[in-house]
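Next comes the structure, spelled out in structure tokens:
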């Protein structure tokens, strides 16, 4: 075969290419995102409508239904729509067909939402439109608490300092914090005082608005300088708002403090977070679909360490639900099993072939095939995950075949007395076409996976690609690097053929291999006797085998079915559901009883 002849004539070229692959591929792999599963890029866009005070049924009737009708008549490539309505806001999830451009989908949704605003209740504001995919998941959570600061202050620090600092981490997406109390300037009105002073609520609102203005006032030229004029009438402290005048009656000025009390308050709390029994604020760290779980989690932890140096020391931050730990364990587990499989394969080759040279050649070709597959997967934009690594672990046993058959066929030709180069050319060339057919057959088995759709496509196509690229790489290496290494080892062996002395460090291996050969000969004899017995009783054996196959089908109803096998993540979640319309304070008491 021409490629084998080329490899023998230019051995250094292929050796250098193998070394380059060995040195450069780890660098490429370190830049490849690592995750538990492949990226599932099913485009999803959420449209979130809000209308403070509107009950859930009215949100559904007046906002959500109208939006859904408009979307189905205007927006293209919709796969299906899901919606849920709560008090004061509604969420519409729009799932698009595979291959839909997310930017185009967001633009269409934005245009439709702006168009129907006039048909919605007065005061409705434009919706919040969020684009994400199934791979946008929470990978880390930070619990932020304090024994000295109020819930409002903790929430304020989490929102305006910690969240802002974390958002700069590449691949991070952080929603609003959960729990805590969102700070707001509260004005508690005294209705009797308002009535006594002949005032209404709008008078207080007008007074606060007029007393909290910043006017653009330009500059003033004084001497040789030009200085800005500051006409900021905003009070520097919240309590000073109590001194703002509302109106003057008979020479008496009525202030805010006469009819109301201004204080540092909070919006009505809709969710409560507790950490070790202490009211806290929860920050969830999400990763974007194409980002690496390990890099995002590491970046968020490093950024949090820097942020804590700039905030008050009264804040305590604990991290939990760290998915990067699970990802590391899963990936390292697959890698470990793959290495064990490769080591056991090399051991079997050593026992059966009895040659450390052949074992070394095969032990070199397997990692190079795996590295080649990983490099190609990285160039195609895939991630390192349990599916791709599982495919490579599956392919380890297949990768042995090409090199083993090549070595054994070359050894057969050399044993018949042919010259070294002629024996390698004939031995490798004779099996080139059968090995190619075998490689194509293995690849064809995985071709149907490319016709899958939905989540299954994103999960199993990377596995198929990993196996196919590894097998193809193994075929190429068996036609190039393997003959080159055989040439080098066999030439060295012929040069030392006169030396019959076996080195002492090889003697145990030789004894082990000879013992294995004797045991295998006994096994072969026992198998021959068993085969003779089976062939002499073909009818009984066939009936028994078919009965066993039918009996195994009876076990199918007892097998469970699930999309993923059960996983022990070392944690558990307890969901407590209170009756409908239960106040959040009562729900908190119910959870208190559960915690106790």
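In this note's numbering, the protein residues as written are -16 to 579. Cβ atoms here follow ideal geometry from the backbone N, Cα and C, with glycine treated the same way.
Taking just the CA atoms, how far does residue 249 sit from residue 564?
Here residue 564 refers to the residue found at position 581 of the chain shown. Here residue 249 refers to the residue found at position 266 of the chain shown. Looking at the two C-alpha atoms, the distance is approximately 22 Å.
Reference residue 62; option with closest CA among 464, 411 and 436:
Walking along the chain shown from the start, residue 62 turns up at place 79. Of the listed residues, the one whose Cα sits closest to residue 62 is 436.
Exposed unless 16 or more other CB atoms sit within 10 angstroms - verdict on residue 482
Reading the chain shown from its first residue, position 499 is the one you call residue 482. Since pLDDT at residue 482 reaches only 48, below the 50 mark, its modelled position is unreliable, and the value read off the structure follows with that caveat. That one is exposed.
With residue 29 as the anchor, note down where its beta strand (DSSP E) starts and where it stops.
What you label residue 29 is simply residue 46 of the chain shown in a count that begins at 1. Start and end: 27 to 33.
Consult DSSP for residue 576 and reduce its assignment to one of helix, strand or coil.
Taking the first residue of the chain shown as position 1, residue 576 is located at position 593. Helix.
Suppose the cutoff is 7 Å on Cβ atoms and the five residues either side in sequence are ignored; what does the same chain contact list for residue 100 look like?
Residue 100 sits at position 117 when you count from the first residue of the chain shown. Here the set comprises 107 and 109.
Would you mind listing the alpha helix (DSSP H) stretches within the segment 342 to 399 that are 4+ residues and don't spill past its ends, in chain order?
369 to 398
Going straight from the alpha carbon of residue 330 to that of residue 375, what length do you get?
The residue given as residue 330 occupies position 347 in the chain shown. The residue given as residue 375 occupies position 392 in the chain shown. If you take the alpha carbons of residue 330 and residue 375, they lie about 19 Å apart.
Since residue 138 and residue 160 should fall inside the 8 Å C-beta cutoff, what is the C-beta to C-beta distance between them, to a whole number of angstroms?
Your numbering for residue 138 matches position 155 in the chain shown. Your numbering for residue 160 matches position 177 in the chain shown. At roughly 6 Å, the Cβ-Cβ gap stays under 8 Å, so residue 138 and residue 160 are in contact.
With a threshold of 8 Å on Cβ separation, who are the neighbours of residue 579 within its own chain once the five nearest residues in sequence on each side are excluded?
Translated into the one-based positions of the chain shown, residue 579 becomes position 596. For residue 579, where only same-chain residues beyond five positions count, there are no Cβ hits under 8 Å.
Give a yes or no on contact between the segment 19 to 30 and the segment 113 to 131, applying the rule of three or more CB pairs nearer than 8 Å.
yes
Which residue or residues does DSSP assign as beta-bridge partners of residue 65?
Indexing the chain shown from 1 puts residue 65 at position 82. Residue 65 is bridged to 76.
Between which two residues does the beta strand (DSSP E) harbouring residue 148 extend?
Position 165 of the chain shown, counted from the start, is the residue given in the question as residue 148. Here residue 148 belongs to no beta strand (DSSP E); instead the alpha helix (DSSP H) covers 146 to 149.
Residues in its own chain within less than 8 Å of residue 102 by CB, not counting five upstream and five downstream?
Position 119 of the chain shown, counted from the start, is the residue given in the question as residue 102. For residue 102, where only same-chain residues beyond five positions count, the Cβ hits under 8 Å are 49.
Quick one: measure Cβ to Cβ for residue 33 and residue 51, integer angstroms, because I've assumed they're closer than 8 Å.
As a first step, residue 33 must be located in the chain shown, where it is residue number 50. As a first step, residue 51 must be located in the chain shown, where it is residue number 68. Incorrect: roughly 17 Å between the Cβ atoms, too far for contact.
Check residue 203 in the structure and name its three-state DSSP category.
On the chain shown, position 220 is the one that residue 203 refers to. Residue 203 falls in the strand class under three-state DSSP.
Looking at the unbroken alpha helix (DSSP H) that takes in residue 281, where does it start and where does it end?
Here the question's residue 281 lines up with position 298 in the chain shown. Taken as a continuous stretch (DSSP letters only), the alpha helix (DSSP H) holding residue 281 covers 276 to 290.
Three-state class that DSSP yields for residue 158 in the structure shown
Position 175 of the chain shown, counted from the first residue, corresponds to residue 158. In this structure, residue 158 counts as coil in the three-state DSSP scheme.
Just verifying my parser: in three-state terms, what is the DSSP assignment at residue 142?
Numbered from 1 along the chain shown, position 159 holds the residue referred to as residue 142. DSSP places residue 142 in helix when its eight states are reduced to three.
Counting only the same chain and skipping the five closest in sequence on each side, list residues whose C-beta sits under 8 Å from that of residue 383.
For this step, residue 383 is matched to residue 400 along the chain shown. Cβ within range, chain order: 328, 332, 345 and 349.
Straight-line CA distance for residue 96 to residue 60?
Within the chain shown, residue 96 is the residue found at index 113, counting from 1. Within the chain shown, residue 60 is the residue found at index 77, counting from 1. Cα-Cα distance, rounded: 17 Å.
Entirely within the segment 189 to 270 and at least 3 residues each: give me those beta strand (DSSP E) ranges in chain order.
197 to 205, 208 to 215, 228 to 232, 235 to 238, 243 to 249, 256 to 258 and 261 to 270
Taking one C-beta from the segment 449 to 466 and one from the segment 351 to 369 each time, how about it: are there three or more such pairs within less than 8 Å?
yes
Cα-Cα separation, residue 500 to residue 120:
Numbered from its first residue, the chain shown carries residue 500 at position 517. Numbered from its first residue, the chain shown carries residue 120 at position 137. C-alpha separation (whole angstroms): 55 Å.
Could you check which residue in 132, 13 and -8 has the C-alpha nearest to that of residue 360?
The residue you call residue 360 lines up with position 377 of the chain shown. Nearest of 132, 13 and -8 to residue 360, Cα basis: 13.
Helix, strand or coil at residue 166 according to DSSP, with G and I counted as helix:
As a first step, residue 166 is located in the chain shown; it is residue number 183 there, counting from the start. Residue 166 falls in the strand class under three-state DSSP.
To the nearest angstrom, report how far apart residue 523 and residue -7 are at their CA atoms.
Taking the first residue of the chain shown as position 1, residue 523 is located at position 540. Taking the first residue of the chain shown as position 1, residue -7 is located at position 10. Rounded to whole angstroms, residue 523 to residue -7 spans 59 Å at the Cα level.
Going by other Cβ atoms of all chains shown within 10 Å of its Cβ, with 16 needed for buried, is residue 16 buried or exposed?
The residue given as residue 16 occupies position 33 in the chain shown. Buried, by the Cβ-count rule.
Would you call residue 10 buried or exposed, if buried means 16 or more other Cβ atoms sit within 10 Å of its Cβ?
As a position in the chain shown, residue 10 is number 27, starting the count at 1. By the 10 Å Cβ count, residue 10 comes out exposed.
Going by C-alpha distance, which of 390, 510, 22 and 264 is nearest residue 464?
Here residue 464 refers to the residue found at position 481 when the chain shown is read from its first residue. Nearest C-alpha to residue 464: 390.
From residue 232 to residue 136, what distance separates their C-alpha atoms?
Residue numbering aside, residue 232 sits at position 249 when the chain shown is read from its first letter. Residue numbering aside, residue 136 sits at position 153 when the chain shown is read from its first letter. If you take the alpha carbons of residue 232 and residue 136, they lie about 39 Å apart.
Buried or exposed: residue 264, going by 16 or more other Cβ atoms within 10 Å of its Cβ?
For the purposes of this step, residue 264 is identified with residue 281 of the chain shown, where counting begins at 1. Buried: at least 16 other Cβ atoms inside 10 Å.
Any idea if residue 322 is buried or exposed, counting beta-carbon neighbours within 10 angstroms, 16 or more meaning buried?
Here residue 322 refers to the residue found at position 339 of the chain shown. When all chains shown are included, residue 322 counts as exposed.
For the alpha helix (DSSP H) containing residue 111, list its first residue and its last residue.
Locating residue 111 in the chain shown gives position 128, counting from the first residue. First-last for residue 111: 111 to 115, but that is the beta strand (DSSP E), not the alpha helix (DSSP H).
Shortest alpha-carbon distance to residue 370 belongs to which of 380, 104 and 357?
Mapped onto the chain shown, residue 370 falls at position 387. That would be 357, whose Cα lies nearest to the Cα of residue 370.
Cutoff 7 Å; reference residue 89; Cβ partners in own chain excluding five residues on either side
If you number the chain shown from 1, residue 89 lands on position 106. Same-chain partners within the cutoff: 28, 112 and 114.
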